[in-house]
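Visitor:
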Amino acid sequence: MAAIKSGKASASSIVNNFLNQGKRPYFLASVYLALGTLLVYFNPLNMASFFFLLSSAFVIYKLQMHGGFKLAITAVALLIIVPIIGIRNIFYLEVIFQISVFAALALGLNVVVGFAGLLDLGYVAFYAVGAYLWAFFGSQQMFLLAEIPGTAPSGTPFFLPADMFYLFAFLGIVVAALTGILLGLPVLRLRGDYLAVVTLGFGEVIRVLANNLDKPLNITNGPQGITPIQRPTLPEGLLNSLRVLMDPLVGRDVSQGEFYNLFFYLLALLVIIFVIIVVRRLDDSKIGRALTAIREDETAAVSMGIPLTRMKLTAFAVGASFAGIMGVMFAANRTFVSPESFSFMQSIGVLTMVILGGIGSIPGVILGAAVVIILNLQVLQGLSLYLSQLRQSEAVIPIIDFAWKNLSTQLDPAKYQRMLFGIILILMMIYRPAGLIPAARRKRELSTRSKDKKKPITPSSTAAEADHGAA
Amino acid sequence: MIAVPIRRFYQNPSIRELIRPLGQIISFSAASSVVLSLLILLVALVLRGTAVNEYALSHYQVDILTLTLKNLPQVLIDGITLGFVYAAIALGYTMVYGVLEFINFAHSEIFAIGAFVGVEVLIAMNNAGVFTGISLWAAYGFLIIAILVGMVAAGGTAVLMEIVAYRPLRGAPRLVPLISAIGVSFFLQDLIRLVESLTTGQFHRIFPTFGNFDKRLLISNFDIAGTTLELNIQFKSIIVIIAAVVMLMLLNYIVNATKIGTAIRAVAQDRASASLMGININLCVVVTFLIGGALGGAAGVLYALKFTRIDPFVGFFPGLKAFTAAVLGGIGNLTGALLGGLVLGLLETFAGSYLYIFTMGAAGAEYKDILAFAILIIVLIFRPSGLLGEQVGQKA
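So the sequence lines, in the order shown, correspond to chains A and B.
Counting in the numbering used here, the first sequence runs from 1 upward without gaps.
Counting in the numbering used here, the second sequence runs from 472 upward without gaps.
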C-alpha cells in the first residue's frame, strides 16, 4: 500500500519536475492560453474549446512561475481575452460572470465554514438581504408600498437615481454584515450541528418574509418579485470609444446590453479581487489564526484568551458582507429579484462549492465554484438538450427495447441540481473531505515546514492525513 | 385487596412499558392543550380592549373572546393530530441523535419515501379496482398494508443510508457526517423525483379516496354565546392519532423492555463501554436506523392520508419541524420528542388559525412555517437542553 502511494507521488513529481524546468512553464502557459483563445475565437459555439480555455486558468495556477508573470498572464486572460471571447458568445460571459458571483459567495462562506468551522446552511439569506436592499431602493417599489402586488400604475418614477448603485454596493456590505451580527449574537454560542439547523431556519425565514411581505405594506412584492431594477448608467462617451475598439475584434456591432454584461463581469471581477485580498490577509492575520484555533478546539481557544463570540461574529460578518455586495450586483444585473433565487438549494449549492474545492482553501473554493457552475450550466443543460434531441429522434435503446421518444418529458437533467449537489457532498465527505485543493494551512500543520522550498508539496501525501480534520 | 393484583400486573416490565407511554400521551396531550388554550384565551382577553376586537366584530360579528373560544375545540383536535405526526418523525431524529450524536438530516426524505411508497401501493390497488365497493374493514386493512409497506421501504432506505453514507464517517468530526447527511437528503429528493417522473410522468401524487377516511365523526354540539357549535373530527385524524399512539407504545416497549432496546440504550450512553461489554455496535446502530426510519415512513403515509397531496419535497418542512420538536422536548429523549411534537403541532395550528385574526389580517397562516424556527431559536437560546432535557441519562 505504502509502496504504491510513494510510487504515485514520485510519478507526479517527475511530471512536475519535467514541466517546471527552466523557461518551460512560461512557454507552456502562454501556448496553452493562446491555443485556448484561438480555439474559442474560431469556434465560439464549441463547448470543448471553452473548457479548454477555462482549464488554462488551472494550468497557470499549477505551473511554477514567477509571481509577476502569473499575475500578468492572468490579467491578460481576464481583461482582454475573456471580454472579446465573451462578447462573441455572450453565454460564456454569463457563465464566467456566474462563476465570479458564486466564487465570491463561496469565499464568503469559506470564511465562516472553513476558517471558523461554523456550518452556515442559510448563507444565501445574506445574499438575499443585499439583493432586496437594492431591489427596494433601486426600483419604483418605494412608491408602490400601498399598492396591491402587480398593480403598479404606469409612469411611476424610480425612487433613487441609477448611479446610487455604487453607494448601495457599499451599503450592501454594511447591511449584510449587520444582519450577520444580528443573527450571530443569539445563535453563535450553539454547538456546530445546532448552529447549522438554526442558520437553515434563518435562511428560510428570510425567504418566507420575502415571499409574504407584500402586505400590509408591499415591500417585497411577494412571490412575483421586484422588477424593473435600475442598472448604473454607462457613460455614452466611454461606450463609443469602447465600441471603436471592440467592434473589429468581435467582428460585429456590440449592443448596449452586451456592454452591460461586460460591465457587470468587470465589476464582479473587481469585487472578487477585493474579496480574495481580504480573505488572504484575514487568513494570515491574528483574527484568522484565532478562527483556526476556534475551529480546532473551542475550549482550548478560550483558555488561550481568544474572545470567542467576537471572533465568531467577525467571521459571520465578513462572510455575510461578501454575500451582501454580490446580492446588490445580482439585483442590478438581473433587474429582477424574486424569493425563488434565495432558496435553501442555493445555500447548499454554495456549500457544495466550498466542500468540493477544499474547506478553507482560497484557490480550491474558486475551483469549486467554477466546477459546480459549469456542471450546472453546461453539463446538465447539455444533457437536457441531448435528451430532448433523442426524444425527437427514432432511436431505441437496444437491449431493453425502449424508444427514446417515450421518455417522460419530466426528465430534464437541468433540473436535477439537487442530485448533483447531493452526490458531490456525499462523495467528497467519504473520499476526500479536505477537497480538491486542500487548504495550505492544513498542509503546513502536517508537514514540518517545508525545509526545501523548491520541492513542490504533493497534496496526495498530506491530504489523506488532513482528511478528517476537515470540518 | 384489589390493589395488589393491579400492582403486580403493572410491575410486569412488559406490561408497564406498554401502559406507561399511554399515560404519558394522555397527560401530555391534555396538559399542553390546556396550557396553550389558557394562553391563547389570555391573549384574546388582552386584545379585547384594542382595535382587534373591532376587527373581529366587523368581520365575524362576534367579539374576539367568543371568536377565539368558538374556534378552540376544532383547533385543538387538528393541533393534536398534527402533533402526533411530528412526534412520530421527531422520534427518528431523536433516536439517531441519542445513539450517534448527529442530526440525521436525511430523515425528512425517509419520511417522504415512506409517503410515496405507501401512496403508490394504494394507487396501484386503486387502479387494479380493488377499492370498488369494498367493506369498511377491508379499507382499513388495505390502509394498514400500505402503512406497513411504507414502513419497510423507509426503514430499509434508512439502513442503506447508514451503511453507505454514515458508517464510513464514524469517528470523523461532527460536521463531516452532517454534511454527508445533507448530501443524502438532496440526493434522495431528486431520486424520488427521478423515479416518479420516469415511471408515472408526474411527481405530485394524490392519496386515492376510499373507505370513510374523509367523513367526519360528530362528537357533540356545544352552545357558546348563543351559537351552536358543531365539534367533529375527521376519521383520518382518528386513524392518525391511533396509529401514532400504537407506534409510540411499541417503540417504548422495544427500547425499554427488550434486549436490543437495552443494548441501544447502552450504546447511546457510552459507545466504547458498550462495545467492551460485547454489544455489537453496528447492529445497534442499524436497528436504530431501522426503527427510526420505519416510524418516519409510517408518519409519511399518515401525513399523506391527512393532507392528501405529496411531492418529492414534502419531507422538508415536516422534517425541520420534527427536528424542532425533538430539540424542544430535549433531543435524545424519547418522551421529550413526544411532548415537543404535541406542543409544536398545537402551536402551529394555533398560529395558523389565530394569527390572521389577532394581527387584523396583516400576517396570516403563511407565517406558521417560520414559527417553528422562532421556537427553535428561542428554545436553543434559553433552554438548549429542551423541556425534558434534564433526564439526560434516559436518552436512547
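Every residue, glycine too, gets a C-beta built ideally from N, C-alpha and C.
What you are looking at is a predicted structure, and each value in this text was computed from that prediction instead of being measured.
Based on DSSP bridge pairs, tell me the residues matched to N240(A).
Guide: For the purposes of this step, residue 240(A) is taken as residue 240 along the first sequence, with counting starting at 1. Under DSSP, N240(A) forms no beta bridge with any residue.
Visitor: Assign T699(B) to one of three DSSP states: helix, strand, or coil.
Guide: The residue you call residue 699(B) lines up with position 228 of the second sequence. In the structure shown, T699(B) sits in a strand (DSSP, three-state: E or B).
Visitor: Output yes if chain A places a C-beta closer than 8 Å to the C-beta of E701(B); else output no.
Guide: Here residue 701(B) is taken as the residue at index 230 of the second sequence, counted from 1. E701(B) does not count as touching chain A.
Visitor: Return helix, strand or coil for A403(A), following the three-state DSSP convention.
Guide: In the first sequence, the residue the question calls residue 403(A) occupies position 403. Here A403(A) sits in strand by DSSP.
Visitor: Counting along the chain, where does the alpha helix (DSSP H) carrying F760(B) start and finish?
Guide: The residue labelled residue 760(B) in the question sits at position 289 within the second sequence. Per DSSP, F760(B) belongs to the alpha helix (DSSP H) from I752 to F778.
Visitor: Pull out every residue of the stretch 387-400 of chain A whose Cβ sits closer than 9 Å to any Cβ of chain E, in chain order.
Guide: In the structure shown, chain E does not exist; the protein chains are A and B.
Visitor: Are there three or more Cβ pairs, one per stretch, closer than 8 Å when the stretch 720-737 of chain B is compared with the stretch 477-488 of chain B?
Guide: yes
Visitor: Counting only beta-carbon atoms, is R645(B) nearer than 8 Å to chain A?
Guide: Position 174 of the second sequence, counted from the first residue, corresponds to residue 645(B). Interface annotation, R645(B): in contact with chain A, CB-CB separation under 8 Å.
Visitor: Which one of M566(B), F480(B), L509(B) and A522(B) has the shortest CA to CA distance from V757(B)?
Guide: Mapped onto the second sequence, residue 757(B) falls at position 286. If we check each option's Cα against that of V757(B), M566(B) comes out closest.
Visitor: Just verifying my parser: in three-state terms, what is the DSSP assignment at V396(A)?
Guide: Position 396 of the first sequence holds residue 396(A). Reduced to three states, the DSSP call for V396(A) is strand.
Visitor: With 16 other CB atoms within 10 Å as the buried threshold, where does G864(B) fall?
Guide: Taking the second sequence and counting its residues from 1, one reaches residue 864(B) at position 393. Model confidence at G864(B) stands at a pLDDT of 39, short of 50, so the residue's coordinates are unreliable and nothing is read from them.
Visitor: At a CB distance below 7 Å, what residues from the stretch 633-644 of chain B approach chain A? Give them in sequence order.
Guide: So the close ones are A636, P639, L640, A643 and P644.
Visitor: Tell me, to the nearest whole angstrom, how far the beta carbon of S387(A) is from that of L411(A); I am working on the premise that it is less than 8 Å.
Guide: By one-based count along the first sequence, residue 387(A) stands at place 387. By one-based count along the first sequence, residue 411(A) stands at place 411. Position check: residue 387(A) holds Leu in this sequence, whereas Ser was assumed. About 7 Å separates the two Cβ atoms, so the contact holds.
Visitor: Can you tell which of G108(A), L78(A) and T220(A) has the C-alpha that lies nearest to the C-alpha of W134(A)?
Guide: One-based indexing of the first sequence puts residue 134(A) at position 134. Checking every option, the nearest Cα to that of W134(A) belongs to T220(A).
Visitor: Anyone know if the C-beta pair for F841(B) and E340(A) falls short of 8 Å?
Guide: The residue you call residue 841(B) lines up with position 370 of the second sequence. The residue you call residue 340(A) lines up with position 340 of the first sequence. In the sequence on display, residue 841(B) carries Ile and not Phe. In this structure, I841(B) keeps its C-beta atom at 8 Å or more from the C-beta atom of E340(A).
Visitor: In terms of residues, what are the limits of the alpha helix (DSSP H) holding Q98(A)?
Guide: Looking up residue 98(A) in the first sequence gives position 98. Residues I90 to N110.
Visitor: Please state whether DSSP places S139(A) in a helix, a strand or coil.
Guide: Taking the first sequence and counting its residues from 1, the one referred to as residue 139(A) is at position 139. Three-state DSSP puts S139(A) in coil, outside helix and strand.
Visitor: Check Q482(B) in the structure and name its three-state DSSP category.
Guide: Taking the first residue of the second sequence as position 1, residue 482(B) is located at position 11. DSSP places Q482(B) in helix when its eight states are reduced to three.
Visitor: Going by the DSSP bridge assignment, what does Q417(A) pair with across the sheet?
Guide: As a position in the first sequence, residue 417(A) is number 417, starting the count at 1. BP columns for Q417(A) are empty, so no partner.
Visitor: Thinking just about the alpha-carbon of each residue, which of V337(A), N376(A) and F336(A) is nearest to the one in A350(A)?
Guide: Start at 1 with the first residue of the first sequence, and residue 350(A) comes out as number 350. Here the sequence assigns Val to residue 350(A), which means Ala is not the residue at that position. It is N376(A) whose Cα lies nearest to the Cα of V350(A).
Visitor: Any C-beta of chain B sitting closer than 8 Å to the C-beta of D193(A)?
Guide: Position 193 of the first sequence holds residue 193(A). For D193(A), a Cβ of chain B is located within less than 8 Å of the residue's own Cβ.
Visitor: Where do the ends of the alpha helix (DSSP H) carrying Y472(A) lie?
Guide: The displayed coordinates of chain A run from 1 to 471. Any statement about residue 472(A) would go beyond what the structure contains.
Visitor: From the DSSP output, which residues share a beta bridge with I677(B)?
Guide: Working through the second sequence from its first residue, we reach residue 677(B) at position 206. When DSSP reads this structure, I677(B) sits in a beta bridge with R780(B).
Visitor: Tell me, please, which residues DSSP counts as bridged to Y535(B).
Guide: Residue numbering aside, residue 535(B) sits at position 64 when the second sequence is read from its first letter. Just to set this straight, residue 535(B) is Ile in the shown sequence, not Tyr. Paired residue(s): none; I535(B) is not in a bridge.
Visitor: When the Cα atoms are used, what is the spatial distance from H578(B) to P484(B)?
Guide: Along the second sequence, one-based indexing puts residue 578(B) at 107. Along the second sequence, one-based indexing puts residue 484(B) at 13. H578(B) and P484(B): Cα-Cα distance of roughly 31 Å.
Visitor: By Cβ distance below 6 Å, which residues in the same chain neighbour I366(A) in space, the five residues on each side in sequence not counted?
Guide: In the first sequence, counting from the first residue as 1, residue 366(A) sits at position 366. Here the set comprises A103.
Visitor: Taking CB distances under 8 Å as the criterion, tell me whether G569(B) reaches chain A.
Guide: As a position in the second sequence, residue 569(B) is number 98, starting the count at 1. Not one chain A Cβ lies under 8 Å of G569(B).
Visitor: Classify R449(A) as helix, strand or coil using the three-state DSSP reduction.
Guide: Along the first sequence, one-based indexing puts residue 449(A) at 449. Note that R449(A) scores 45 on pLDDT, short of 50, meaning its location in the model is unreliable and no value can be drawn from it.
Visitor: Looking at the C-beta of K215(A), does it have a partner C-beta in chain B at a distance below 8 Å?
Guide: In the first sequence, counting from the first residue as 1, residue 215(A) sits at position 215. Chain B, which has a Cβ nearer than 8 Å to the Cβ of K215(A), makes this yes.
Visitor: Counting only runs of 3+ residues fully inside the stretch 478-530 of chain B, write out the beta strand (DSSP E) ranges in chain order.
Guide: DSSP runs (the beta strand (DSSP E)) wholly in the stretch 478-530 of chain B: none.
Visitor: When the Cα atoms are used, what is the spatial distance from A317(A) to M65(A)?
Guide: Stepping through the first sequence from its first residue, residue 317(A) is reached at position 317. Stepping through the first sequence from its first residue, residue 65(A) is reached at position 65. In this structure, the alpha-carbon of A317(A) lies about 35 Å from that of M65(A).
Visitor: Hey, does F657(B) have any beta-carbon neighbour from chain A nearer than 8 Å?
Guide: Numbered from 1 along the second sequence, position 186 holds the residue referred to as residue 657(B). Yes, F657(B) counts as interfacial toward chain A.
Visitor: Can you give me the Cβ contacts of L616(B) inside the same chain, cut-off strictly under 8 Å, excluding the 5 residues immediately before and after it?
Guide: Working through the second sequence from its first residue, we reach residue 616(B) at position 145. According to the sequence provided, residue 616(B) is Ile. The question's Leu does not apply to it. Once the five neighbours on either side are set aside, the close Cβ partners of I616(B) are V592.
Visitor: Does DSSP classify F693(B) as helix, strand or coil?
Guide: By 1-based counting over the second sequence, the position of residue 693(B) is 222. Reduced to three states, the DSSP call for F693(B) is strand.
Visitor: Of all the options D401(A), S285(A), I400(A) and Q378(A), which has the alpha carbon lying nearest to the alpha carbon of E94(A)?
Guide: For the purposes of this step, residue 94(A) is taken as the residue at position 94 of the first sequence. Residue Q378(A) is the option with its Cα nearest to E94(A).
Visitor: I believe N43(A) touches V354(A) by the beta-carbon criterion, under 8 Å. Please report the beta-carbon distance rounded to the nearest angstrom.
Guide: Walking along the first sequence from the start, residue 43(A) turns up at place 43. Walking along the first sequence from the start, residue 354(A) turns up at place 354. Not quite, the Cβ-Cβ distance comes to about 33 Å (not below 8 Å), so this is no contact.
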